[in-house]
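Note sheet for the following structure.
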Amino acid sequence: GALGIRNVLALSGDHTTVGDDPRSKPVYDLDSTGLVELLRRMVDEGVDLNGNKITSPPKFNFGVAGNPNADPIEPEVLKVERKIELGADFVQTQAVYDPELAERFVKEISHLNVPVLIGIAPFKSMGMMEWMIKNVPGILVPDEVQSRLKTAREKGGKEAFLDENIEIFGELIKEITRKTKVNGIHMMTIGFEWIVPRIIERAGR
Numbered sequence: 008g009a010l011g012i013r014n015v016l017a018l019s020g021d022h023t024t025v026g027d028d029p030r031s032k033p034v035y036d037l038d039s040t041g042l043v044e045l046l047r048r049m050v051d052e053g054v055d056l057n058g059n060k061i062t063s064p065p066k067f068n069f070g071v072a073g074n075p076n077a078d079p080i081e082p083e084v085l086k087v088e089r090k091i092e093l094g095a096d097f098v099q100t101q102a103v104y105d106p107e108l109a110e111r112f113v114k115e116i117s118h119l120n121v122p123v124l125i126g127i128a129p130f131k132s133m134g135m136m137e138w139m140i141k142n143v144p145g146i147l148v149p150d151e152v153q154s155r156l157k158t159a160r161e162k163g164g165k166e167a168f169l170d171e172n173i174e175i176f177g178e179l180i181k182e183i184t185r186k187t188k189v190n191g192i193h194m195m196t197i198g199f200e201w202i203v204p205r206i207i208e209r210a211g212r
């Protein structure tokens, strides 16, 4: 059932003002916590939100988001705890650019005993980096990362900028996997997936 879908990430999503269509409207029928509860009922009880029986219940693994960049971190941990208590199977984080923040987050939720995937998001261009810093909630890019990428772009153009991405994010993966017991890395390469194997190679994976 469910068109062969096996994994679901339950998100509230960003507000519609972040998008590019001024006609879009926010919908508040469910938040991410309510979605987790719905998914648990579908999988474990075989019913929908109204208690109606589902003929062929899905067999989802469903996860929730976490933001290692949150400051203070305690409210974020409480939100993740609540979703795990409701039945979520794993945690997948927002993009992280600082291995220390990834390490802190993994330690803070280690008592939940669920798999954790750390998200990273390389930058295709300076414009993309600047846009994400300005518009994407929960993103925190250290000055050092910004400076390295800006210098590479100014001195060597687009190719040098992408090469510096490979260096930075390969190093980041290496540090995160060295410092934490993270279960995996979720690499978000928007529009330039070809860079993934090169970053993995740089990370020595």
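So for the sequence shown, our numbering puts the first residue at 8; every next one is plus one.
The beta carbon of each residue, even a glycine, is placed where N, CA and C say it ideally should be.
Cβ-Cβ separation between P144 and D105: approximately 17 angstroms, too far for a contact (criterion under 8 angstroms). In the three-state reduction of the DSSP assignment, T100 falls in the strand class, which pools E and B. Contact between I127 and F176 is confirmed by a C-beta separation of about 6 angstroms, below the 8 angstroms threshold. Relative to K181, the option among G134, I202, I125 whose CA is nearest is I125. A contact between stretches requires three or more CB pairs, one per stretch, nearer than 8 angstroms, and the segment 79-87 fails this requirement with the segment 48-56.
When only Cα atoms are considered, A72 and P33 end up about 19 angstroms apart. For L16, the enclosing beta strand (DSSP E) stretches over residues 14-17. In the DSSP annotation of this structure, A210 is not part of any beta strand (DSSP E); the continuous alpha helix (DSSP H) holding it starts and ends at 203-210. Assigned with DSSP and collapsed to three states, N68 falls in strand.
When DSSP states are grouped into helix, strand and coil, G163 belongs to the helix group. Per DSSP, I91 is one residue of the alpha helix (DSSP H) stretching across 81-92. A residue is called buried once 16 or more other Cβ atoms fall within 10 Å of its Cβ, and V25, having fewer, is exposed. Contact between the segment 179-198 and the segment 156-170 is absent: fewer than 3 CB-CB pairs across the two stretches fall below 8 angstroms.
Comparing alpha-carbon positions, the option among K162, V15, K141 lying closest to L46 turns out to be V15. Boundaries for I116: no beta strand (DSSP E) harbours it, and the DSSP string shows neither H nor E there. Under the three-state reduction of DSSP output, I175 falls in the helix class. Scanning D38, M195, R13, E208 for the CA closest to the CA of F67 turns up R13.
In the three-state reduction of the DSSP assignment, I125 falls in the strand class. When C-alpha distances from R160 are compared across S132, P122, P204, the shortest belongs to S132.
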